[in-house]
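Asks:
Residue numbers (UniProt numbering): 1 to 661.
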């Protein structure tokens with residue numbers, strides 16, 4: 001028989017299904033339907049263990065190691081889960097063959113767990129061998145289901161193929177050369193158009209079973225995609241794709257239809273639920289796109305991660321240079337500061353060597369060019385060990401005054417803005433910081449690499465969600481939502497509400513603004529005071545100080561003592577808020593804005609002239625309608641009903657309103 005060579009290239013499509021996707025017998029059938037409906041010439045399918053099985057297997061090991069007899073009943077539960085699933089899916093010889101293998105494996109596991117129970121100890125290789133059985137069983141069941149539909153399908157134990165070398169950071173590096181040799185040999189003996197492969201598990205060069213650690217099944221799919229030079233790798237999950245921000249925190253977050261490898265890498269590092277960064281490495285070598293899709297919503301196109309991705313949201317070009325935002329919580333900042341650091345070689349090395357010695361993970365670093373201080377972020381659970389190590393390492397420098405302090409700032413979060421188009425685009429940082437300033441968010445530290453793919457800021461943890469919503473809205477990744485509170489829906493307020501109702505659709509369609517009248521505040525807030533109440537006007541100072549924009553026809557605040565008015569205007573500038581009062585004069589005609597525009601362009605006001613009755617609507621109406629045929633009070637009452645007067649007409653008739661204007 002001639003040796004069968006492994007064909008490589010675009011004829012292969014790789015699919016990866018996680019534990020949720022194969023969690024029940026019905027879901028395994030759904031997975032089989034997806035595989036069958038794919039019209040690719042050849043297909044490789046990587047599967048995880050059934051939902052919760054990996055955790056159950058680790059629990060077995062922990063119980064046996066702790067000499068807890070309940071590991072026996074826990075193993076029986078694992079057996080029953082797979083036994084009942086097989087009974088739902090398989091029949092005849094396929095069922096008998098699978099159950100025979102299942103019971104054989106469980107018998108071996110009982111012996112191994114008994115040995116662990118007696119020793120009270122387990123090696124890593126023993127643990128990896130036990131845990132990997134979940135993938136073996138799910139791959140075999142799925143292969144039987146696909147084969148039952150008359151297709152050429154075989155299952156692959158990837159421990160025979162994938163060879164990996166452990167690293168010092170408790171990860172593994174694939175040995176692609178050796179893995180390719182083993183794959184060629186396996187395929188020559190098991191040629192097939194559809195291969196169902198186990199995810200998560202592999203072997204060391206000494207053929208000792210191991211795992212690919214965290215997110216190992218995704219990593220398996222990426223490695224296999226590279227080995228087969230596949231057309232694309234599809235990761236099936238339970239979300240529609242990659243969002244522009246965490247939808248649990250930003251309700252307006254949108255699905256990103258495309259991401260570049262670098263963007264996906266950055267977002268996943270900073271906590272976005274995308275992929276583990278290492279998953280992207282194998283496919284980058286051969287420009288193989290990764291597609292994230294929802295197995296429970298097949299109509300959703302998902303997110304494509306590829307070499308170069310235009311800023312595209314829902315099929316439309318996105319002008320924003322920022323593609324998405326991600327956050328990391330539960331961090332602390334460590335600040336090492338002192339004049340003795342400047343110009344001293346090796347200071348940074350000594351700092352981070354001490355951090356490495358306690359096994360802490362540095363997430364972000366920021367250093368001023370003066371070299372006077374270095375600050376960095378670490379997980380909050382590790383900060384005490386880091387601070388103690390630095391205090392010990394620099395005790396002499398601290399005592400001598402060369403270092404002034406090693407300070408810890410707890411309760412921090414990181415907010416990262418990510419986008420390939422940020423590179424060489426002026427103004428991105430300014431826009432980001434302006435959005436945070438307007439939301440009254442204080443930034444504790446900033447970092448940006450020269451690649452310009454991300455800008456990272458450290459904030460108070462309590463400010464993180466508000467900051468995320470503010471910057472997401474500012475970069476137009478979703479509609480700009482303006483939450484409004486209206487005080488006093490009287491004549492003016494009611495008219496305003498009618499206008500908002502009539503214009504809401506136009507604002508959304510043409511200006512991408514979602515204007516909401518609501519009783520709560522949002523990332524962009526304003527208050528429209530439609531009363532003539534002096535008590536309400538007295539609140540303007542507090543509202544502006546809290547970053548709330550104020551729009552009003554109320555003249556009380558602007559026509560009182562001059563020092564109070566000047567304080568209002570100064571506060572408005574300091575708090576980056578708007579204070580608009582165009583409607584206080586001229587029945588809404590643009591008188592004030594026109595005058596302000598003239599002043600801002602260098603003109604000086606020498607004198608203001610106007611037709612009195614055009615400026616004061618109440619008196620204009622009364623003078624035009626008081627002909628002597630009716631009493632004066634009747635005309636005033638008619639003007640009030642028509643909405644021309646102040647809430648108290650005496651303000652008009654006494655001249656008080658004229659004076660305020």
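Idealized CB from N, CA, C, for every residue including glycine.
Can you tell which of 570, 222, 371 and 358 has the C-alpha that lies nearest to the C-alpha of residue 696?
Replies: It is not possible to answer for residue 696, since the shown part of the chain is limited to 1 through 661.
Asks: Using alpha carbons as the reference points, say which of 321, 366 and 567 lies closest to residue 337.
Replies: 366
Asks: What number of angstroms, rounded off, separates the C-alpha of residue 334 from the C-alpha of residue 266?
Replies: Within the model, the alpha-carbon separation for residue 334 versus residue 266 is close to 23 Å.
Asks: Nearer than 8 Å: is that true of the beta carbon of residue 85 relative to any heavy atom of the ligand ATP?
Replies: Looking for the ligand ATP in the displayed structure turns up nothing, as the structure carries no ligands at all.
Asks: Please work out which residues of its chain come closer than 6 Å, Cβ to Cβ, to residue 106, disregarding the five sequence neighbours upstream and downstream, and give them in chain order.
Replies: 79
Asks: Pull up the distance between the alpha-carbon of residue 591 and that of residue 582, whole angstroms please.
Replies: 7 Å
Asks: Under three-state DSSP, which class holds residue 182?
Replies: helix
Asks: Ignoring anything shorter than 3 residues or poking outside the UniProt domain "ACT" (336-411), list the beta strand (DSSP E) runs there in chain order.
Replies: Unbroken beta strand (DSSP E) stretches of 3 residues or longer found wholly inside the UniProt domain "ACT" (336-411): 364-367 and 373-379, given in chain order.
Asks: When the Cα atoms are used, what is the spatial distance from residue 423 to residue 369?
Replies: 22 Å
Asks: Taking the runs of the alpha helix (DSSP H) that are 4 residues or longer, which of them lie wholly in the stretch 86-133?
Replies: 92-119 and 124-131
Asks: According to DSSP, what are the bridge partners of residue 12?
Replies: 42
Asks: Is it the case that the stretch 37-53 contacts the stretch 96-103, given that we only count it when at least three CB pairs across the two stretches are under 8 Å?
Replies: no
Asks: Measuring straight from C-alpha to C-alpha, what distance separates residue 647 and residue 636?
Replies: 12 Å
Asks: With distances taken between CB atoms, is the gap from residue 374 to residue 361 smaller than 9 Å?
Replies: no
Asks: Straight-line CA distance for residue 550 to residue 486?
Replies: 10 Å
Asks: Three or more C-beta pairs under 8 Å: does that hold for the stretch 251-259 against the stretch 298-309?
Replies: yes
Asks: Taking residue 224 as the reference, which of 467, 239, 280 and 274 has the closest Cα?
Replies: Out of 467, 239, 280 and 274, 280 has the C-alpha closest to the C-alpha of residue 224.
Asks: So, under 8 Å CB-CB, residue 197 and residue 139 are touching, yes? Tell me the CB distance rounded to an integer number of Å.
Replies: 7 Å
Asks: Pull up the distance between the alpha-carbon of residue 433 and that of residue 268, whole angstroms please.
Replies: 23 Å
Asks: Short of 7 Å in beta carbon distance, which residues of its chain neighbour residue 173, apart from the five on each side in sequence? Order them along the chain.
Replies: 164, 165 and 167
Asks: Opposite residue 237 in the DSSP bridges: which residues?
Replies: 294
Asks: Is the distance from the Cβ of residue 270 to the Cβ of residue 327 below 9 Å?
Replies: yes
Asks: Rounded to whole angstroms, how far is the Cβ of residue 228 from the Cβ of residue 8, which I believe are closer than 8 Å?
Replies: Indeed they touch by this definition, with Cβ atoms about 6 Å apart.
Asks: Distance check for residue 577 and residue 548, CA to CA, integer angstroms please.
Replies: 7 Å
Asks: With a CB to CB cut of under 7 Å and the five nearest residues on each side skipped, what residues in its chain are close to residue 157?
Replies: Result list for residue 157: 136 and 198, in chain order.
Asks: First and last residue of the beta strand (DSSP E) that includes residue 542?
Replies: Per DSSP, residue 542 belongs to no beta strand (DSSP E); it is in the alpha helix (DSSP H), 540-545.
Asks: Mind checking residue 601: buried by the 16 CB within 10 Å criterion, or exposed?
Replies: exposed
Asks: Closest by CA to residue 253, which one among 443, 71, 575 and 475?
Replies: 475
Asks: Considering just the uninterrupted stretch of the alpha helix (DSSP H) at residue 472, what are its terminal residues?
Replies: 464-474
Asks: Just the Cα atoms here: how many angstroms apart are residue 12 and residue 451?
Replies: 34 Å
Asks: Could you tell me which whole beta strand (DSSP E) segments of length 3 or greater appear in the stretch 252-279?
Replies: 258-260
Asks: Would you be able to state if there are at least three C-beta pairs under 8 Å between the stretch 459-470 and the stretch 439-447?
Replies: yes
Asks: Where residue 484 and residue 219 are concerned, what is the direct C-alpha to C-alpha distance, given to the nearest angstrom?
Replies: If you take the alpha carbons of residue 484 and residue 219, they lie about 47 Å apart.
Asks: Specify whether the stretch 237-250 and the stretch 285-295 touch according to this definition: at least 3 beta carbon pairs, one from each stretch, less than 8 Å apart.
Replies: Pairwise C-beta distances place the stretch 237-250 in contact with the stretch 285-295, as three or more of them are shorter than 8 Å.
Asks: Taking the Cβ atom as the reference point for each residue, do residue 72 and residue 132 lie within a distance shorter than 9 Å?
Replies: no
Asks: Report the residue from 567, 513, 515 and 517 whose alpha carbon sits nearest the alpha carbon of residue 539.
Replies: Nearest option by C-alpha distance: 567.
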